[in-house]
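If you count the sequence shown from 1, you need to add 26 to reach our numbering. Ideal Cβ placement from N, Cα and C applies to all residues, glycine included. Following: one structure in structure tokens, then a few remarks.
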Amino acid sequence: MQHRIKNSVSRSLLFAQDVGLILVAIATMVAIGIEVNIMITNSYVSLTDLLLMFIYLEVLTMVAVYYESGELPIKIPLYIAIVALARYLILDMKNIDTWRILGIASSILLIGASIIIIHYCKQLIQDKVES
């Protein structure tokens, strides 16, 4: 009896997870469509528009990788964070004081360093497993 309950709860959670992922993918594609429509309407594409499109593509990539592997790739949200911070810097460059610019740039540097550390740690773990 308890085994059946665990199985049904597990299947329900997996179903909810799949529905959530599909909703995220659909919402991201709708957002891409809206952004493309805005660019066409304005007859202008700015760097911030392109960075926003990259964020959307990274979200779609994260959903696809999660579906394929069943694991959330930790590096992709970090990439998204870097692009989002860069976009924020570009959008509000005139309204941001020097200390905030240094703080955001430092955040980008720290996130980039963490990506490198994660990459090498993952490589070390794989090398130990293979040995």
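Beta-carbon proximity of residue i to residue j, cut-off 8 Å
| i | j | result |
| --- | --- | --- |
| I58 | M88 | no |
| I141 | L104 | yes |
| I108 | I144 | no |
| D75 | E61 | yes |
| I81 | A42 | no |
| I130 | L115 | yes |
| L136 | R113 | no |
| V56 | M65 | no |
Extent of the continuous alpha helix (DSSP H) run through residue i
| i | result |
| --- | --- |
| L83 | L73 to S95 |
| M119 | Taken as a continuous stretch (DSSP letters only), M119 belongs to no alpha helix (DSSP H), as it is neither H nor E. |
| D153 | T124 to E156 |
| I52 | Q28 to N68 |
Distance, residue j Cα to residue i Cα
| i | j | result |
| --- | --- | --- |
| T193 | S38 | As displayed, the chain neither begins before 27 nor continues past 157, which places residue 193 out of reach and without an answer. |
| H29 | L128 | 55 Å |
| G138 | Y146 | 13 Å |
| L90 | I48 | Before going on, a small fix: residue 90 reads as Ala here, not Leu. Between A90 and I48, the C-alpha separation is close to 10 Å. |
| L73 | I52 | 24 Å |
| I151 | L98 | 18 Å |
| V35 | V85 | 28 Å |
| N68 | K120 | 22 Å |
| S224 | K32 | What is shown of the chain runs 27 to 157, which leaves residue 224 out entirely. |
| I122 | T54 | 29 Å |
| N63 | G46 | 26 Å |
| S157 | V50 | 39 Å |
| V155 | R126 | 43 Å |
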